[in-house]
Amino acid sequence: MKTKVLMVCLGNICRSPLAEGILRSKVDQTSILVDSAGTAGYHIGNPPDKRSILVAQKHGINISHQRSRQFSTSDFKDFDLIFAMDTSNFRNILRLATSTDDEKKVKLLLDEVDLDTNEVPDPYYGGTEGFERVYEMLDKACEAVAKKLN
Numbered sequence: 000m001k002t003k004v005l006m007v008c009l010g011n012i013c014r015s016p017l018a019e020g021i022l023r024s025k026v027d028q029t030s031i032l033v034d035s036a037g038t039a040g041y042h043i044g045n046p047p048d049k050r051s052i053l054v055a056q057k058h059g060i061n062i063s064h065q066r067s068r069q070f071s072t073s074d075f076k077d078f079d080l081i082f083a084m085d086t087s088n089f090r091n092i093l094r095l096a097t098s099t100d101d102e103k104k105v106k107l108l109l110d111e112v113d114l115d116t117n118e119v120p121d122p123y124y125g126g127t128e129g130f131e132r133v134y135e136m137l138d139k140a141c142e143a144v145a146k147k148l149n
């Protein structure tokens, strides 16, 4: 049985698609399924932001095939671990939880590593350097998650 991991940000076009792609590159995909979603439905069906695609490609990861989707209550049933990119999305996910078992699945991704913050900043309104910084943060966190899962 596969372990199923969901990465969640606001729009599912910047941070969570990167986190999905990075974690996929670090785990055995025959035993671990990784997906991503957004708490808002702004970009449903759209590919990741071009800057996320470019920074992923720079590191040898292709996320261009991903499409944005909105987080739903069924994700609690479908996933074993749900990682939020920041406290706002963490709270939004927990609002949809229907049980303590649902709540226990939700974690802040950066709590998996020792960084100066536990929030992945949203790089959407910044330049490409913000996407590179986010990539580096996500890479460290996904490495820690992969070690626990593999």
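Counting in numbering that gives the first Met the number 0, the sequence shown runs from 0 upward without gaps. We put the CB at the ideal spot given by N, CA and C, even for glycine.
Should ALA36 and GLN65 be called a contact, given that it needs their Cβ atoms to be closer than 8 angstroms? no
Looking at the structure shown, is ALA36 part of a helix, part of a strand, or coil, going by DSSP? strand
Three-state class that DSSP yields for VAL4 in the structure shown: strand
Among LEU9, ILE21 and PHE130, whose alpha-carbon lies nearest the alpha-carbon of ALA145? ILE21
So, is LEU93 buried or exposed, given that buried needs 16 or more other C-beta atoms within 10 angstroms? exposed
With DSSP as the reference, please indicate the residues paired to ILE81 in a beta bridge. LEU5 and VAL105
How about GLU102 and LEU109: do their beta carbons lie closer than 8 angstroms? no
SER51 versus SER73 - alpha carbon distance: 27 angstroms
Nearest chain D C-beta to ASP27 closer than 8 angstroms, yes or no? No chain D appears in this structure, which consists of one protein chain only.
Between the Cα of MET136 and those of LYS3, ASP113 and THR29, spot the shortest distance and give me the residue it belongs to. ASP113
Sequence-distant residues of the same chain with beta carbon closer than 6 angstroms to MET6, five excluded per side: SER15, ALA18, GLU19, SER35 and PHE82
Tell me, which residues are paired with GLN56 by DSSP? For GLN56, which the question treats as bridged, DSSP gives no partner whatsoever.
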